[in-house]
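The working numbering puts the first residue of the sequence shown at 7, with every later residue one more than the last.
Yeah, the Cβ is synthetic: ideal placement off N, Cα and C, and Gly gets one too.
Only one structure is covered here, and it is reproduced in the block below.
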Amino acid sequence: MEPTPSLYRLIKLYRLVLPLAIVLVVVLFEISLEPYQGQPVAFWLRMGFYGLVGPLVTWMTLEWIAQQVQDRERAQRALEVANRRLEAIESILKRASVADNLEQALASVVQEVAKALGMEAALTLEGVRATSPGFRAGSGPLYEVALPGLDGKLEVALPRPLSDEEQSFLELLVAEVAGALDSVRARSRDLLTLYEVDQALRAEANLGRLLERLMDRILAWAGATGGGVLLLDEENFLQPQVLRNLELPPHAFMPDHRWKEALESPVFVRDNLLAVPLREQSAIGLLLVQGEAENLRQRLPFLRFLAAQVTLAVRNAQAYLRAEELALTEERNRIAREIHDGIAQALAFMALKLDLSERLLQTDPERALQELHRVKETLRAQIREVRRSIFALRPIDLERYGFLESVRRYASAFAEQAGFRVRLSLPEKIELSQASELVFFRVLQEALTNAAKHGRPGLVQVKLTPLGERGGLLEISDNGRGFKAGTSANGLGGFGLTQMRERVEARGGRFEVESAPDKGTTVRAELPF
């Protein structure tokens with residue numbers, strides 16, 4: 007199709023052609039008058055021709071130019087209107103894309119809609135409503151149109167009837183608004199799923215219960231009818247951990263064919279059953295999601311991200327179990343050392359004293375009684391020490407009572423057993439992961455045990471301070487005997503200090519101890535969430 011010539015080119019062309027055409031017409035007219043030369047009719051013909059043709063040609067030329075200008079101005083205005091509407095749609099999409107939630111998106115979009123239409127408007131979606139500042143329900147006629155594919159509508163307050171052009175633009179605008187809001191809703195759903203997955207990761211250390219909670223959220227997000235998690239065991243068999251509405255054997259099986267392929271990349275192992283690998287450097291299992299194949303393909307990028315979160319959860323839970331096993335081993339070793347260094351030596355000491363008392367009973371009864379008295383005091387001290395050790399080993403149900411209540415119960419009961427006063431300063435609420443809560447509790451146990459065993463204080467103060475996103479700070483201070491900085495023989499200068507420091511630093515925290523002879527001891531542990 008040939009492009010339309012510009013107005014400038016047309017005028018330039020007519021500027022050349024029109025004078026020649028006029029000259030030609032005049033020449034032909036004069037030739038045609040030759041037979042009438044000298045007659046009165048020739049005069050009147052000339053007057054009529056030159057008096058009418060010149061103004062007529064001028065008028066026709068100017069009328070044509072005016073029509074061309076008017077057409078171009080009309081096209082320019084239409085182009086400007088179209089540009090403004092495209093800018094309005096672009097602004098709507100931009101506002102929706104940067105909104106943090108559905109409420110904010112509705113509030114931003116309805117302002118842009120009102121600006122684009124030049125009319126007040128209101129948007130309603132899933133029970134959430136937003137209006138432009140001047141919108142008043144019931145103040146005039148309303149034009150309502152449903153948002154395609156969504157449970158919502160757009161209302162426009164009409165100061166006048168809509169033209170066909172405005173109605174067409176409104177229909178286009180509604181379609182764009184619906185698309186933008188649907189994206190916001192999908193993004194909000196994804197973020198909510200991520201938040202719920204993150205909360206599940208933080209709130210649960212038991213692998214079985216953790217995978218159950220994660221599957222609930224993943225299946226709800228994907229709109230799936232079933233799913234599961236299979237983990238590779240030591241013999242590289244796929245061991246079912248969680249199965250929901252899946253026709254799979256409940257026992258371990260060797261991955262082959264598509265199951266083997268799924269350990270490398272996502273694949274449909276059966277019709278409408280998608281398997282997504284759980285991988286770090288190597289595969290550790292599969293995340294299974296059953297549903298409509300096309301729906302799962304569209305959601306695959308986010309499913310892969312969720313699979314990475316499940317992988318992290320599995321690795322963390324396995325590391326937590328290994329850490330618990332290591333902690334149990336360390337605790338057994340500590341108890342063995344305490345028995346060897348404490349109770350065993352005390353029993354040997356008492357045996358020697360009893361032998362001495364037996365020999366002195368006939369020759370020096372008074373000294374024999376003194377030795378028996380020392381044996382009795384030593385025995386009583388060891389009985390108190392055994393009771394403290396038994397109390398320290400007694401399990402505390404953090405999950406049952408909650409972290410803060412467990413700290414309160416344990417510190418109060420331990421102080422009563424050990425014979426000192428305790429002063430607690432605990433917040434009403436603190437946000438910590440289960441792993442950090444456990445480390446804090448172990449530090450508290452170790453610090454109280456060392457204070458009772460070596461410091462012999464009259465008062466112990468326990469203070470827990472929330473640090474917001476940074477986690478928390480635990481301080482245990484006593485007014486006991488203390489110890490000289492740098493010593494490594496007994497108390498906090500020895501194994502107790504090392505064990506507490508390693509536990510805190512393994513969680514990425516900071517640990518420090520302040521102490522001096524006869525000035526007490528302060529233990530500080532700061533842990534992230």
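| field | Selection from 449, 215, 431 and 451 that minimises the alpha carbon distance to residue 472 | value | 431
| query | Distance, Cα to Cα, residue 94 vs residue 109? | reply | 20 Å
| field | Span separating the alpha-carbon of residue 237 from that of residue 247 | value | 7 Å
| field | Selection from 149, 186, 153 and 158 that minimises the alpha carbon distance to residue 172 | value | 149
| By Cβ distance, which residues of its chain are closer than 7 Å to residue 183, with the 5 residues on each side in sequence left out? | 98, 115, 119, 153 and 160
| message | Out of 515, 111, 101 and 163, which one is the CA nearest neighbour of residue 3? | response | Shown here, the chain extends from 7 to 535; a query on residue 3 therefore has no answer.
| field | 3-residue-minimum beta strand (DSSP E) runs that sit fully inside the segment 209-297, ordered along the chain | value | 232-238, 244-250, 273-276, 279-285 and 289-296
| task | Express the C-alpha separation of residue 39 and residue 20 in angstroms, rounding to a whole number. | result | 28 Å
| Taking the C-alpha atoms as reference points, what is the distance between residue 510 and residue 355? | 37 Å
| field | Enclosing alpha helix (DSSP H) for residue 434 [first to last residue] | value | That residue, residue 434, is in no alpha helix (DSSP H); it is neither H nor E in DSSP.
| query | Roughly how many whole angstroms lie between the Cα atoms of residue 293 and residue 229? | reply | 15 Å
| beta strand (DSSP E) runs contained entirely in the segment 116-177, provided each spans 3 or more residues | 127-131, 134-137, 148-152 and 158-163
| Bounding residues of the alpha helix (DSSP H) (the contiguous stretch that carries residue 422) | 409-424
| query | Can the beta-carbon of residue 286 be found less than 8 Å from the beta-carbon of residue 335? | reply | no
| Of the residues 314, 68, 36 and 46, the one placed nearest residue 55, counting alpha carbons only | 36
| Which listed residue (377, 371 and 385) has its alpha carbon closest to that of residue 352 | 385
| task | Just mark residue 504 as buried or exposed, buried being the case when its beta carbon has 16 or more other beta carbons within 10 Å. | result | exposed
| task | With a 10 Å radius around its C-beta and 16 neighbouring C-beta atoms as the bar for buried, classify residue 130 as buried or exposed. | result | buried
| request: Quick one: residues in its chain with C-beta nearer than 7 Å to the C-beta of residue 540, no 5 flanking neighbours on either side, listed in chain order? | output: The structure shown has nothing for residue 540, since the chain only spans 7 to 535.
| Between the C-alpha atoms of residue 428 and residue 490, what's the straight-line distance to the nearest angstrom? | 24 Å
| request: Can you grab the Cα-Cα spacing for the pair residue 43 / residue 33, in whole Å? | output: 15 Å
| Which residue from 364, 519 and 369 puts its Cα closest to that of residue 381? | 364
| said: Give me, in chain order, the residues of the same chain whose beta-carbon lies closer than 8 Å to that of residue 273; leave out the 5 immediate sequence neighbours on both sides. | reply: 264, 267, 280 and 281
| When the Cα atoms are used, what is the spatial distance from residue 458 to residue 315? | 44 Å
| Proximity test, Cβ basis, 8 Å: residue 238 and chain B | Structure shown: chain B not included; a single protein chain is present.
| request: Look at the Cβ atom of residue 533, then the Cβ atom of residue 477, and state whether they are nearer than 8 Å. | output: yes
| field | Host beta strand (DSSP E) of residue 40 (start-end) | value | Premise fails: residue 40 is in no beta strand (DSSP E) and is neither H nor E.
| request: Report the rounded CA-to-CA distance for residue 68 versus residue 62, giving the unit in angstroms. | output: 10 Å
| request: Indicate, with yes or no, if the ligand FMN has a heavy atom lying under 7 Å from the CB of residue 312. | output: Summarising the ligand content, the structure contains no ligands, and the ligand FMN is consequently not present.
| task | Spatial neighbours of residue 454 within its chain, please: CB distance less than 6 Å, with the 5 preceding and 5 following residues excluded, ordered by chain position. | result | 420
| field | Selected residue, minimal CA-CA separation from residue 252, among 297, 270 and 121 | value | 297
| Inter-residue spacing [alpha-carbon to alpha-carbon] between residue 262 and residue 239 | 15 Å
| task | State the start and end residues of the unbroken alpha helix (DSSP H) segment that holds residue 489. | result | Premise fails: residue 489 is in no alpha helix (DSSP H) and is neither H nor E.
| field | residue 358 to residue 370 span [Cα, whole Å] | value | 17 Å
| Where does residue 478 sit, in a helix, a strand or coil, going by DSSP? | strand
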